[in-house]
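There are 2 protein chains.
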Amino acid sequence: MDNETKKQGPFAGLLVVDLTHVLSGPFATNILCDLGARVIKIEEPPDGDESRYWGPFVKGESLEYSFVNRGKESIMLDLTKEDDKTIFLNMVKQADILAENFRPGTMEKLGFSYEVLSALNPRLIYASLSGFGQSGAASQFPAYDTIIQAMSGLMMQTGFPDGPPVRAGTSVVDMTTGLYLFGGIVTALYARNHSGRGAYVDIAMFDSAVSFLEQGLLTYLATGVSPGRVGNRDLYISPFDIYKTKDKYIAICCGNDHLFAKLCSALDLSQLITDSRFATNQERVIHENELKTILEKKLMNENADHWLKVIDKVGVPAGPILTVEEAMKLPEIHDRKMLVESGGVMMPGMPIKISGFPDSSTRPPAPKLNQEGTSLREEFGNRQK
Amino acid sequence: MDNETKKQGPFAGLLVVDLTHVLSGPFATNILCDLGARVIKIEEPPDGDESRYWGPFVKGESLEYSFVNRGKESIMLDLTKEDDKTIFLNMVKQADILAENFRPGTMEKLGFSYEVLSALNPRLIYASLSGFGQSGAASQFPAYDTIIQAMSGLMMQTGFPDGPPVRAGTSVVDMTTGLYLFGGIVTALYARNHSGRGAYVDIAMFDSAVSFLEQGLLTYLATGVSPGRVGNRDLYISPFDIYKTKDKYIAICCGNDHLFAKLCSALDLSQLITDSRFATNQERVIHENELKTILEKKLMNENADHWLKVIDKVGVPAGPILTVEEAMKLPEIHDRKMLVESGGVMMPGMPIKISGFPDSSTRPPAPKLNQEGTSLREEFGNRQK
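Line order of the protein sequences matches chains R and Z. Yeah, the first sequence ends on 385 if you go by our numbering, and it's all consecutive. Yeah, the second sequence ends on 1385 if you go by our numbering, and it's all consecutive.
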């Protein structure tokens, strides 16, 4: 019996042995799976991936688990037992990619170091995701998205100067680290086409967070001083912030003097264009608070919808602050297939759109725990090899 | 004269024609460049990439420009003029990848649609990054990171219930979209090894933001209601938040009952383990505020350093809230080469670590405007072809 689904996409034909759990690792292998790879998720007895038990739930299943594991196959294996080890190692022998996000050292203790597995399968790409990387002082330190947002400086630079540090309202570190893992795996796949050999890919949540701290980190590196929290505004461009109108906040982004002049005209505030406090971007950044007060005084006279039309007409980038619910009702969600149906529930779609491959608005469902256990044991058991 | 630098890395030998500007597009081609590709950045006369003029500055150069353009070559081309078009098209004929992030329609107006360029070079991977994608209702809508954070729902779910919406304190949408563009490009490179043909890659900032909204979006999809802002805590797990100590905030993340029990013992609050309000995660989420009050009352007795040692000892994930400056002084920054030297200045390193390729702590500098203009005009001028 061949349990392999016929899959389409750039990664069709690739086999991924997926030891990742919770969010960041499964998100990486989810992209491989969405783009055509066969992904076998190995879950630990007796309960499997702990994210199966985390809300929100739809029809009794964790929506987060269903999202990042859609289209995968599930088998429960106890990797400390010989029989299950055999099945795992038979999978590894045939696999293109092994992904794992245990605490560094766990795979070695199980006898599954890169050295051991790459000797069995020199073409194997062995991809590890961890909090602080496989090497270094902090490698044993436990990590969650919130802890890395805290320790990287990201939380300290989110929020208002007079308020507490704020967590970005989504697991940006988990998701970004998953994206780096995906990128690292595909890079190694590309390199394998030339070398014929696999590689070890080592991605850390902390590294990933550091790589995208951007203005805050660059300012520290340039000046020796952490810039601290500045609310919603840009550190170096003004006006570039969110502003109160009569009913709601709107975002207005004037990247240059030209756009600022257009904004002033649209708001019937042309006198600001020649006001020495606001004549250049540099001056506007210095007089940020005065400028914001003047702009909001005007904007408070009408509703957000009115102003967005007025500002859009002159070509100044601006937009409403939407709830997730409002955002999901925008026509671009449908146009871009950014909500897809999977196993009877709606979930986020796939942002990577590549010509020549389908971008389906339905996706196969996530597996129940051990759903393909029996057939996978048969496929990768010793009698078959 | 051959202007090509001898480069090492998995992408050595690849030629990227880079029409991207500002942050998200250049961040994607920066990863290709860091990992070995030759990247020729085409800049518009007379001033080139506008990010050259955005702070912070070090030694008179924009550190943001220097970060995301390190190792690239620069040529100034006016793509509306015939002579410069010829040079550009000669580059395209030899290129593996073309990347651009103009407003959708701009490349078509210049005569450089995917159809035209792929006819010249069927192996070309043509990668476009935009606010809302190449198709659909909003494709002409201007976008900056702040606007997409606002319109996707991310800003509305960041911050505290009683405060305003908050921008995540870095350009997460720009960086994530750049990562998706990188991932899409490498996916198309992998597919080309089988098909012999290039592809069109279409990545949107809005799609990218939607794909990582995670708990907020999943909760809306599960319940029909946007969850709103919850500060630093997790929506579904408790205690999983930041807490005040005598001197500083610390993050504590108890993913399950077992860790909660350990935390209580460590804080000498064992009575909470059997308190019916806190006996299960579900109960703790409901009684979140009461639990936080009790924990903080205890934590306020000692400094952060004291508590982190105590909590670490029992194996509960926890960490300090650090400024960027404090974060950059952690030993893992050095161990993982996450600050590198380039052109005499320090900047973020490369999180993708792949065995068999160097992960250097020095990187070649970003180019001055048109630095390689003369030699590139010679290399790709008509006489040479």
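Idealized CB from N, CA, C, for every residue including glycine. None of these values were measured; they are calculated from a predicted model.
Option in the options with minimal Cα separation from residue i
| i | options | result |
| --- | --- | --- |
| C254(R) | S375(R), V316(R), L117(R) | V316(R) |
| L1117(Z) | S1135(Z), H1306(Z), I1097(Z), L1129(Z) | I1097(Z) |
| A1188(Z) | Y1200(Z), G1178(Z), L1179(Z) | Y1200(Z) |
| M1091(Z) | T1106(Z), E1073(Z), T1362(Z) | E1073(Z) |
| D312(R) | F1182(Z), H1194(Z), A1138(Z), T1020(Z) | A1138(Z) |
| R233(R) | L291(R), S208(R), S211(R), A204(R) | L291(R) |
| S171(R) | M1338(Z), H1194(Z), D1241(Z) | D1241(Z) |
| S211(R) | G1159(Z), S1024(Z), S1135(Z), L1269(Z) | S1024(Z) |
| F1067(Z) | I1075(Z), P1046(Z), P1056(Z) | P1056(Z) |
| P1348(Z) | M350(R), L213(R), A266(R) | L213(R) |
| F357(R) | Y1053(Z), P1104(Z), G1184(Z), K1353(Z) | G1184(Z) |
| I1352(Z) | I148(R), F27(R), L179(R) | L179(R) |
| I286(R) | D305(R), A209(R), P239(R), N256(R) | P239(R) |
| I1147(Z) | R1123(Z), V1173(Z), G1159(Z) | V1173(Z) |
| F160(R) | P227(R), N281(R), A99(R) | P227(R) |
| D207(R) | R1336(Z), P1142(Z), M1151(Z) | R1336(Z) |
| D1224(Z) | G1105(Z), G1216(Z), E1050(Z) | In the sequence under discussion, the amino acid at residue 1224(Z) is Gly, which differs from the Asp named in the question. Measuring from the Cα of G1224(Z), the nearest candidate turns out to be G1216(Z). |
| Q1008(Z) | E1379(Z), L1120(Z), I1354(Z) | I1354(Z) |
Partner residues on chain R for residue i, Cβ-Cβ distance less than 7 Å
| i | result |
| --- | --- |
| V1186(Z) | G183, V186, T187, Y190 |
| C1253(Z) | Y144, T146, I147 |
| G1356(Z) | A199 |
| F1212(Z) | T170, V172, M175 |
| L1218(Z) | P56, L63, E64, F67 |
| F1102(Z) | Per Cβ cutoff of 7 Å: no residues; F1102(Z) is ~15 Å from chain R at best. |
Cross-chain neighbours of residue i in chain Z, by beta carbon under 9 Å
| i | result |
| --- | --- |
| T157(R) | Contrary to the premise, residue 157(R) reads as Gln rather than Thr in this sequence. Going along chain Z in sequence order, the residues near Q157(R) (Cβ under 9 Å) are G1169, T1170, T1323, V1324. |
| I203(R) | P1351, I1352, K1353 |
Residue i at chain C interface by Cβ criterion, 8 Å
| i | result |
| --- | --- |
| L1221(Z) | In the displayed structure, chain C is absent; the protein chains listed are R and Z. |
7 Å Cβ cut-off: residues of chain Z touching residue i
| i | result |
| --- | --- |
| S152(R) | A1327 |
| V58(R) | A1222 |
| F88(R) | Under the 7 Å cutoff, chain Z gives no residues; its nearest Cβ is about 22 Å from F88(R). |
| G319(R) | I1147, A1150, M1151 |
| N193(R) | N1193 |
Listed by chain order, chain R residues near residue i by CB distance under 9 Å
| i | result |
| --- | --- |
| P1239(Z) | Within chain R, no residue comes near P1239(Z); the closest Cβ sits about 11 Å away, beyond 9 Å. |
| A1037(Z) | Residues of chain R passing the Cβ test: none, with the nearest at roughly 11 Å. |
Environment of residue i [buried if 16+ CB atoms lie within 10 Å]
| i | result |
| --- | --- |
| R1277(Z) | exposed |
| E4(R) | Because the pLDDT at E4(R) is just 44, under 50, the model does not fix this residue reliably, and the point stays unresolved. |
| A1318(Z) | buried |
| T274(R) | exposed |
| Q134(R) | buried |
| P10(R) | buried |
| H1194(Z) | exposed |
| K385(R) | Here K385(R) scores only 44 on pLDDT, less than 50, and its place in the model should not be relied on; the value that follows carries that caveat. Under this definition K385(R) is an exposed residue. |
| R52(R) | buried |
| G71(R) | buried |
| D1002(Z) | Low per-residue confidence applies at D1002(Z): pLDDT is 37, beneath 50, and the placement is therefore not dependable enough to give any value. |
| P1104(Z) | buried |
| L1235(Z) | buried |
Those residues which DSSP pairs with residue i across a bridge
| i | result |
| --- | --- |
| E61(R) | V58(R) |
| E108(R) | Beta-bridge pairing links E108(R) to no other residue. |
| K1244(Z) | Y1249(Z) |
| G178(R) | The partner list for G178(R) (beta bridge, DSSP) is empty, contrary to what the question assumes. |
| I87(R) | None; I87(R) has no bridge partner. |
| K41(R) | D18(R), S74(R) |
| Y1200(Z) | Y1126(Z) |
| E1341(Z) | M1346(Z), T1362(Z) |
| G1319(Z) | A1251(Z) |
| I97(R) | V16(R), I125(R) |
| I185(R) | Note: I185(R) sits in no beta bridge, so no partner. |
| I1352(Z) | None; I1352(Z) has no bridge partner. |
Under 8 Å by beta carbon: chain Z residues contacting residue i
| i | result |
| --- | --- |
| V166(R) | T1158, G1159, F1160, V1166, G1169, G1231, N1232 |
| I242(R) | T1146, A1150, M1155, P1164, P1165, R1167 |
| P331(R) | G1136, A1137, A1138 |
Chain R residues whose Cβ lies nearer than 8 Å to that of residue i
| i | result |
| --- | --- |
| M1346(Z) | L221 |
Three or more C-beta pairs below 8 Å linking the segment 1210 to 1222 of chain Z and the segment 325 to 333 of chain R: yes
Contact between the segment 1061 to 1071 of chain Z and the segment 1351 to 1371 of chain Z (3+ Cβ pairs under 8 Å): yes
Three CB pairs or more closer than 8 Å across the segment 1121 to 1132 of chain Z and the segment 1193 to 1213 of chain Z: yes
Inter-stretch contact at 8 Å, needing at least 3 Cβ pairs: the segment 1329 to 1346 of chain Z / the segment 1258 to 1274 of chain Z: no
Touching by the beta-carbon criterion (3+ pairs, under 8 Å), the segment 1015 to 1030 of chain Z and the segment 1156 to 1167 of chain Z: no
Three-pair Cβ contact test at 8 Å for the segment 1105 to 1115 of chain Z versus the segment 1029 to 1036 of chain Z: no
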